[in-house]
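As structure tokens, the structure follows; a few thoughts come after it.
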Amino acid sequence: MKEVLRDIVAYRIKTSRDTLSEIEIHLQNGFLATAMNRLYYAGFYMISALALLDKFPTSKHKQLIGWFNKEYLKTGIINPEKGKILRKAYERRQSSDYHDFVTLTKSQIEEYYSKMKDFVNVVEEVVQEKLKNESA
Numbered sequence: 003m004k005e006v007l008r009d010i011v012a013y014r015i016k017t018s019r020d021t022l023s024e025i026e027i028h029l030q031n032g033f034l035a036t037a038m039n040r041l042y043y044a045g046f047y048m049i050s051a052l053a054l055l056d057k058f059p060t061s062k063h064k065q066l067i068g069w070f071n072k073e074y075l076k077t078g079i080i081n082p083e084k085g086k087i088l089r090k091a092y093e094r095r096q097s098s099d100y101h102d103f104v105t106l107t108k109s110q111i112e113e114y115y116s117k118m119k120d121f122v123n124v125v126e127e128v129v130q131e132k133l134k135n136e137s138a
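Note that the sequence shown covers residues 3 to 138 in the numbering used here.
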């Protein structure tokens, strides 16, 4: 595997982790829509690292999510229950970013946050395994 590809994957993993860590601050300050946005993007960055390893190039969110569902959830590589949070976070992020008077609750976002942390961990395990296999 080319070193530059490994660097980009590492960058996306770090970006996912950094984005995930921002959520607590936004929740503490009552920025619920921003927390929802960051929650979704934490998952997006991690699956974009996976897509890069699988040579699936896209910058389109729906296309990336559809690819991930087909390749990883429907095949059982990743538990479909774990993957549901990505779609939910995408839909809630879309609503809160682009529609007026969207109600988000702190408890709802805290629940999503817990699930997204699990999701990011599971996807990162797959990414790390792929990196390990590429090196072997």
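By construction, the Cβ of each residue, glycine as well, lies at the ideal position given by its N, Cα and C atoms.
- Taking a cut-off of 8 Å on C-beta distances, the region 70 to 81 does not touch the region 95 to 110, as fewer than three cross pairs fall below it.
- Taking a contact as a CB-CB distance under 8 Å, the pair lysine 84 and valine 124 counts as one, their CB atoms being some 5 Å apart.
- Between leucine 66 and isoleucine 87, the C-beta gap is not smaller than 8 Å, which leaves the two residues out of contact.
- In the DSSP annotation of this structure, phenylalanine 103 is not part of any alpha helix (DSSP H), being labelled neither H nor E.
- A distance below 6 Å between beta-carbons, with the five flanking residues on each side excluded, links threonine 36 to the following residues of its chain, in chain order: His28.
- Considering only Lys4, Thr105, Arg95, Ile80, the residue with the shortest C-alpha distance to glutamate 127 is Ile80.
- Less than 8 Å separates the beta-carbon of tyrosine 114 from that of leucine 41.
- Residues Lys84 of the same chain have their beta carbon placed closer than 7 Å to that of aspartate 120, with the five preceding and five following residues left out of the count.
- Note that the C-beta distance between arginine 94 and tyrosine 47 is not below 8 Å.
- The beta carbon of lysine 108 sits closer than 7 Å to those of Leu29, Leu34, all from its chain and outside the five residues before and after it, given in chain order.
- Under the rule that a run must span 4 or more residues, the alpha helix (DSSP H) segments found entirely inside the region 25 to 108 read 34 to 55, 63 to 70, 82 to 100.
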